[in-house]
Amino acid sequence: MVKIQYKACKKCQFLTEEDVCPKCSGDTSREWQGYVYIVDYTVSSIAKSMGIESNGRYALKVR
Ligand SMILES: [Zn+2]
Numbered sequence: 005m006v007k008i009q010y011k012a013c014k015k016c017q018f019l020t021e022e023d024v025c026p027k028c029s030g031d032t033s034r035e036w037q038g039y040v041y042i043v044d045y046t047v048s049s050i051a052k053s054m055g056i057e058s059n060g061r062y063a064l065k066v067r
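Under the numbering used here, think of the first position of the sequence shown as 5, with each following residue one higher.
Shown next as structure tokens:
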């Protein structure tokens, strides 16, 4: 059984399987908690409050 271990970008909190964030080239961390899935950032109040400007999965808390 393969479990994908997502990592969160320390800069923009984007969740990815890569070691480097595909969106902002920032470092990623395995130490994160919770996530939100932004379907349409233009209408999402969560995206607005977090400063998210694209769709996808984002960690709520990155250490
Ligand atoms: Zn990033």
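Glycine is no exception: its CB is placed at the ideal position from the N, C-alpha and C atoms.
Check, Outcome
"Using the rule of at least 16 other Cβ atoms within 10 Å of the residue's Cβ for burial, across every protein chain shown, is cysteine 28 buried or exposed?", "exposed"
"Assuming glutamate 3 contacts arginine 67 under a Cβ cut-off of 8 Å, what Cβ separation, rounded to an integer in Å, is found between them?", "Nothing about residue 3 can be reported from this structure: the residues present for the chain run from 5 to 67 only."
"Let me know if lysine 52 comes out buried or exposed under the rule of 16 or more other beta-carbons within 10 Å of its beta-carbon.", "exposed"
"Going by other Cβ atoms of all chains shown within 10 Å of its Cβ, with 16 needed for buried, is isoleucine 42 buried or exposed?", "buried"
"Quick one: is the Cβ of glycine 38 within less than 8 Å of any heavy atom of ligand 1?", "no"
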